[in-house]
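Structure first, commentary second.
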Amino acid sequence: MEVEEASSHRSKRKKEKKHHKSKSKSKSKSKKKHRKRRRRSPSSSDESQQHSNVKASSLANLTNSEDSRKYSHQEVVDLVKKSLDSLLAKDPILNDLPPAVTLEEVQSLIALEHGQAIHVEIHRDDGTSFPVIISQNATVGQLKRSVERATELRLSRDPSSCYRRVNWKYVWKTYWLYAQGIKLKDDMTTLKDYAINNDDRISFIKRLKEK
Numbered sequence: 001m002e003v004e005e006a007s008s009h010r011s012k013r014k015k016e017k018k019h020h021k022s023k024s025k026s027k028s029k030s031k032k033k034h035r036k037r038r039r040r041s042p043s044s045s046d047e048s049q050q051h052s053n054v055k056a057s058s059l060a061n062l063t064n065s066e067d068s069r070k071y072s073h074q075e076v077v078d079l080v081k082k083s084l085d086s087l088l089a090k091d092p093i094l095n096d097l098p099p100a101v102t103l104e105e106v107q108s109l110i111a112l113e114h115g116q117a118i119h120v121e122i123h124r125d126d127g128t129s130f131p132v133i134i135s136q137n138a139t140v141g142q143l144k145r146s147v148e149r150a151t152e153l154r155l156s157r158d159p160s161s162c163y164r165r166v167n168w169k170y171v172w173k174t175y176w177l178y179a180q181g182i183k184l185k186d187d188m189t190t191l192k193d194y195a196i197n198n199d200d201r202i203s204f205i206k207r208l209k210e211k
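Residue numbers for the sequence shown follow this note's numbering, beginning at 1 and rising by one.
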């Protein structure tokens, strides 16, 4: 009996030693793994740093490419004009406007389309004519200013004409505007008072010295 107890006691000790060794081995393995992870962590941070550097360099390249794509003022103006011309050409109301159209011309044509303005045809002594769009409640003086602007634009857009500034002070001292057999003498009188309507013809008539 004593021999059996001693042998069983020895076997228990052996088992305990084995269990202790296995625990110590597992602990050492976990420590090694933890050390490896610690060793890997700086490399991962290096990778993230490299990745951020790559991003920064790519952003710098992008901004540099955008800077190289910057346009001059004249190039921007030309691009805007081309875009406006293409848009106006597709519009059913504004497609008959000339290139390099002004804002006033666009607004006048829209007002005419909505019945807020009238169209009159100005006839010159040389047989040429040009349209003028003006408000329904406009005065003779406002009609004269519209004739001046329309003439200046027409001359500036005509490549065949040698453009020079018109002396309008001399023109209005020499000529009256003439419509419906009436001389439009009073600048403050409205066109309605002279019975001028849409699509009417207006011409120039030379002033005569009144006795």
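The beta carbon of each residue, even a glycine, is placed where N, CA and C say it ideally should be.
Query                                                                                                : Result
Counted within 10 angstroms of its Cβ, other Cβ atoms place Leu182 as buried (16 or more) or exposed : Checking the sequence, you will find Ile at residue 182 rather than Leu. Exposed, since its Cβ has fewer than 16 Cβ neighbours within 10 Å.
Spatial distance of Leu216 from Lys70 (CA atoms)                                                     : Given a span of 1 to 211 for the chain in the structure shown, any question on residue 216 remains unanswerable.
Minimum C-alpha distance to Lys206 - residue among Tyr170, Gln74, Val106, Asp78                      : Tyr170
Rounded distance between the beta-carbons of Arg201 and His123, thought under 8 Å                    : 6 Å
Cβ shell of Asp186 (< 8 Å), same chain only, five flanking positions each side left out              : Val140
Which of helix, strand or coil DSSP assigns to Leu208                                                : coil
Minimum length 4: unbroken alpha helix (DSSP H) runs contained in the region 144-187                 : 168-174
Range of the contiguous alpha helix (DSSP H) that encloses Ala117                                    : Careful: Ala117 lies outside any alpha helix (DSSP H), inside the beta strand (DSSP E) at 117-123.
Presumed contact (8 Å Cβ cut-off) between Tyr194 and Leu184, rounded CB distance                     : 6 Å
DSSP three-state assignment for Tyr194, whether helix, strand or coil                                : coil
Same chain only: Cβ atoms within 8 Å of Leu112, ignoring 5 sequence neighbours per side              : Ile118, His119, Ile133
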